[in-house]
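Enquirer: Below you'll find the structure I mean.
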Amino acid sequence: MKLKLVAAIFYATCLTSNAQNEYPATRQQPVTDDYFGKKITDNYRWMENMNDTAVQHWFKAQAEYTGNILNNIEGRDALLNDMINISNIKTVSVSDITIENNRYFYRKTFADENVSKIYYREGKDGKEVLLVEANDFSKDKNGSVAYFVPSHDGKKLAFGIAEAGVEIATIYMLDVDTKKLYNEKIFPSWFGINGWTNDNKGFLYTLQRSGKSDAKEMLLDTRVMYHIAGTDTANDKEIFSRRKYPQLNIQPEDLLFVNISDDGKHLVAMRSGVDADLHSYYAPASALLQAVIQWQPFTKPEDGITNIIFHKNDLYLLSHKNASNYEVLVTDAATHSVQKASVIIPQSKNTIEAIYPANDYLFIQYTDGINNTLQRFNYITRKTEAVKLPENGAISITGVSKKRNDITVRITSWKMPPVLYDYNAVADNFSTSIFNADAVYPGVDDIVVEEIEVPGHDGTMVPLSIFYNKSVKKDGSAPCILAGYGSYGITYHPFFAPFLLAAVNKGIVAAWAHVRGGGDNGENWHLAGFKQTKPNTWKDFIACAEYLEQHNYTSSKKLTGWGVSAGGITIGRAVTERPDLFAVAINEVGITNVLRFEATPNGPNNAKEFGTVKDSSEAMALIEMDALHHVQGNTKYPAVLCMTGMNDPRVIPWQPGKFAAALQQSSSSGKPVLLRVNYNTGHHNEDKIITFKNFADAISFALWQCGDPRFQPKSEAKSLSDEEKGLYELLLHD
């Protein structure tokens with residue numbers, strides 16, 4: 137029977153790999169650019185005009201073609217249902233707890249809801265009151281709450297509602313006690329409310345020039361405005377902008393914010409973006425009402441300051457200038473001098489990831505690249521003590537208030553569902569939070585987690601997380617999904633997700649490559665995958681893929697590489713450099729034509745991370761990291777699924793679109809190259825059904841191409857009997 141099963145699997149796989157892929161017609165219209173003497177030809181430049189009807193028709197044709205194929209995969213709908221059912225085991229989830237005047241504001245999502253709603257209660261044990269339901273403000277009933285900020289007295293709530301995953305939101309306000317809406321609306325504001333004034337009369341917010349996700353000016357020349365509740369928005373005062381303060385040399389791509397210190401004495405204006413190093417200015421808060429604010433220089437990018445916290449007469453700064461793993465500095469708030477700042481918490485072997493201010497303590501969150509630890513610094517005694525966490529894992533902190541000494545800590549891991557704990561810093565103890573909801577998930581106890589390091593191409597040890605069901609045999613037969621990111625200094629900690637659990641319960645090995653360009657091992661790790669050093673990012677990913685194969689977790693016929701957003705560079709260059717290494721590549725809303733990314737709405741800001749075509753050295757680096765221009769004709773590429781949201785303001789749809797087109801024209805493997813287009817979402821979407829459909833399609837596609845008989849096209853899957861399918865399950869887990 138086993139031989140019969142193997143023959144059946146082989147037959148189904150051959151049908152798939154030898155099928156002729158009749159893609160929608162794609163024209164090639166060469167445009168050649170000269171980058172400092174290096175000529176690059178782009179056959180798909182015409183796609184960049186998203187308003188062109190020909191481009192729109194092409195995307196629709198690709199969407200229909202891909203939909204017909206994915207909808208025909210046996211097992212896809214059952215996998216989707218598994219994800220939903222696993223997600224629904226947890227009856228309720230709470231996040232983003234914010235406390236003002238003993239009023240607790242938070243997101244809450246019940247199991248039968250797709251998006252969160254905003255609630256509040258008077259005191260932790262008070263009666264729960266529903267304040268905001270996104271669909272009440274959404275034309276197409278496809279909205280979500282982008283952000284919310286209560287006033288300091290807890291009596292007003294400003295919040296943003298975004299449509300269809302666009303993220304660019306409309307700001308509304310309501311009276312918390314009466315739940316009555318104010319008349320005014322503010323649009324467009326992706327980045328929302330900077331903070332309320334101490335008199336609770338109004339708030340500062342960041343305003344954009346355009347609310348269209350594909351408009352070139354969408355993220356250029358943002359402005360910080362001051363709005364007084366109940367007044368006409370036309371009268372809002374411009375607080376910080378390039379237009380009003382040309383002497384500050386603000387760049388068009390800088391994203392602008394202004395914070396007010398809790399004591400109401402200080403203003404800090406910030407020029408920020410994808411680079412975490414703050415370019416900031418200072419002014420006394422009394423200047424807020426002046427016609428022109430005399431902004432004084434405060435921090436420069438070369439200071440390496442990534443966070444600024446006021447506490448009474450002191451100013452605490454998180455910096456990596458002289459410490460790759462970060463250190464905390466303190467200086468006098470009145471003089472606000474970085475040059476006079478002294479080290480209050482030096483760097484250690486673990487990286488300081490974040491600092492959070494409470495009334496009497498500063499909380500310091502550390503990472504070893506995988507898990508977190510927590511310390512508390514006493515403002516008065518100047519002593520730092522370790523906080524003993526109730527569980528090992530990745531943490532996130534919410535419910536922070538400078539007027540209180542308690543916080544809420546969320547702890548999770550690859551196999552541990554999130555648990556919310558309340559921590560009292562004075563008593564130094566944890567208790568399960570009233571907002572926590574326990575849940576028992578199938579398969580969790582059978583998951584094996586391995587945290588290892590593998591040698592990269594240059595000998596650098598690269599952290600690799602691997603987790604799988606204990607019944608999986610390390611004989612190379614298991615399908616494996618390897619994901620990686622590696623940009624902006626972002627650290628990807630272990631996380632628990634229903635879609636991953638559903639996949640692991642199907643016998644998939646899941647792995648995460650903590651590649652250079654991320655922040656897993658401090659700022660130096662980030663800079664080792666930055667601009668000219670970016671090749672380390674995808675070469676680390678390749679090294680992790682090779683390790684998984686060499687140690688029989690999987691094989692090249694069973695390995696799927698997955699990259700999201702900036703991870704499109706990672707997966708795009710990994711499969712164009714080593715197409716033989718992967719059976720499948722998932723490019724989810726990925727940057728795969730980085731040489732042209734600067735021409736997108738989100739591009740000028742990202743040039744700070746990847747480089748600009750205006751600089752000769754950086755232009756050559758962009759060419760090297762551009763996946764589109766490394767696609768070669770007559771090459772046996774793996775099966776590829778590119779995914780995009782038509783409302784994406786971060787990675788415009790033609791980025792994955794052009795990559796899919798090039799691969800469709802060039803691959804000689806006979807394996808499908810598909811472009812999945814979602815017209816109801818953007819870069820991501822809070823709606824869990826939309827999200828789970830994305831994952832179900834991608835994982836089903838991967839398992840189909842890895843030869844799993846449970847996920848073959850329906851007409852082909854019928855060649856396997858129920859008995860054979862059952863035996864395959866036994867073989868996989870035996």
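Residue numbering for the sequence shown follows our numbering, beginning at 137 and increasing consecutively.
From the three backbone atoms N, C-alpha and C, an ideal C-beta is built for every residue, glycine too.
1) Does the count of Cβ pairs from the segment 739-753 and the segment 762-776 closer than 8 Å reach three?
2) Look at the Cβ atom of Thr503, then the Cβ atom of Thr487, and state whether they are nearer than 8 Å.
3) Mapping DSSP to helix, strand and coil, what is Thr736?
4) With distance defined between alpha-carbon atoms, name the residue in Ala161, Gln848 and Thr234 nearest to Trp194.
5) Where does Pro437 sit, in a helix, a strand or coil, going by DSSP?
6) Where are the beta strand (DSSP E) runs, 3 residues long or more, that stay fully inside the segment 617-690, in chain order?
7) Run through DSSP, which three-state label would Pro554 get?
8) Give the secondary structure of His819 by DSSP, where H, G and I count as helix, E and B as strand, and everything else as coil.
9) Suppose you measure from the CA of Ser377 to the CA of Leu717; what does that come to, to the nearest Å?
10) Quick check: what's the CA-CA separation for Phe172 versus Ser752?
11) Alpha carbon to alpha carbon, how far is Arg212 from Ala832? Give it in angstroms, no decimals.
12) Please report the straight-line C-alpha distance between Lys850 and Lys551, rounded to a whole angstrom.
13) Going by beta carbon distance, what residues of the same chain come within less than 7 Å of Val730, once the five residues before and after it are set aside?
14) Have a look at Lys260 and Asn238 and give me their C-alpha separation to the nearest angstrom.
15) Straight-line CA distance for Thr189 to Val767?
16) Could you tell me whether the segment 585-595 touches the segment 614-624, using the rule of 3 or more Cβ pairs below 8 Å?
17) Do you know how far the Cα of Pro578 is from the Cα of Ile225?
18) Checking the sheet assignment: what are the DSSP bridge partners for Phe566?
19) Roughly how many angstroms lie between the CA atoms of Phe847 and Gly331, to the nearest whole one?
20) Please give me, in chain order, every unbroken run of the beta strand (DSSP E) with length at least 3 that falls completely inside the segment 692-731.
21) Mind checking which residues open and close the alpha helix (DSSP H) that includes Gln801?
22) Please classify Asn650 as buried or exposed, where buried requires at least 16 neighbouring CB atoms within 10 angstroms.
23) Run the CB neighbour count on Asn514, radius 10 Å, all protein chains shown included, and call it buried at 16 or more, exposed below.
24) Could you please give me the residues that DSSP links to Glu361 through a beta bridge?
25) Which one of Pro433, Glu734, Asn565 and Gly301 has the shortest CA to CA distance from Lys750?
26) Taking all protein chains shown into account, decide if Phe434 is buried (16 or more other Cβ within 10 angstroms of its Cβ) or exposed.
27) Measure the beta-carbon distance from Thr544 to Leu556 and round it to whole angstroms, keeping in mind my assumption that it falls under 8 Å.
28) Are there three or more Cβ pairs, one per stretch, closer than 8 Å when the segment 682-691 is compared with the segment 603-617?
29) Could you tell me which residues DSSP pairs with Gln896 in its beta bridges?
30) Please name the residue or residues paired with Thr467 in a DSSP beta bridge.
31) State the DSSP-derived secondary structure class of Leu266, mapped to helix, strand or coil.
32) From Glu859 to Asp844, what does the alpha carbon distance come to, in whole angstroms?
33) How should Phe246 be labelled, buried or exposed, when 16 other C-beta atoms within 10 angstroms of its C-beta is the threshold for buried?
34) Is it the case that the segment 344-351 contacts the segment 308-316, given that we only count it when at least three CB pairs across the two stretches are under 8 Å?
35) Give me whichever residues DSSP pairs with Ser280 in a beta bridge.
Expert: Walking through what the data contain:
1) no
2) yes
3) coil
4) Looking at the Cα atoms, Ala161 is the closest of the given residues.
5) helix
6) Taking only runs of at least 3 residues, the beta strand (DSSP E) segments lying wholly in the segment 617-690 are 645-649.
7) coil
8) coil
9) 49 Å
10) 6 Å
11) Their backbone Cα atoms lie some 6 Å apart in a straight line.
12) 33 Å
13) Ile705, Phe746, Leu758, Met761 and Asp762
14) C-alpha separation (whole angstroms): 8 Å.
15) 27 Å
16) no
17) 10 Å
18) Tyr559
19) Computed Cα separation, rounded: 50 Å.
20) 695-700 and 720-724
21) Counting along the chain, the alpha helix (DSSP H) containing Gln801 begins and ends at Trp790 to Ser802.
22) Checking the displayed sequence, the identity of residue 650 turns out to be His instead of Asn. Result: buried.
23) exposed
24) The sequence as given places Met at residue 361; Glu does not occur at that position. In the DSSP output, where bridge partners are listed per residue, Met361 has Tyr341 and Glu374.
25) Glu734
26) buried
27) Right, the Cβ-Cβ distance comes to about 6 Å (below 8 Å), so this counts as a contact.
28) yes
29) The structure shown does not extend to residue 896, since the chain is modelled only from 137 through 870, so no value can be given for it.
30) The beta-bridge partner set that DSSP reports for Thr467 consists of Leu451.
31) In the displayed model, Leu266 falls within a strand according to three-state DSSP.
32) Residue confidence is low: Glu859 scores 46 on pLDDT, short of 50, so the model does not pin down where it sits. Its coordinate-derived value is still stated next. So the two alpha carbons sit approximately 15 Å from each other.
33) exposed
34) no
35) Ala298
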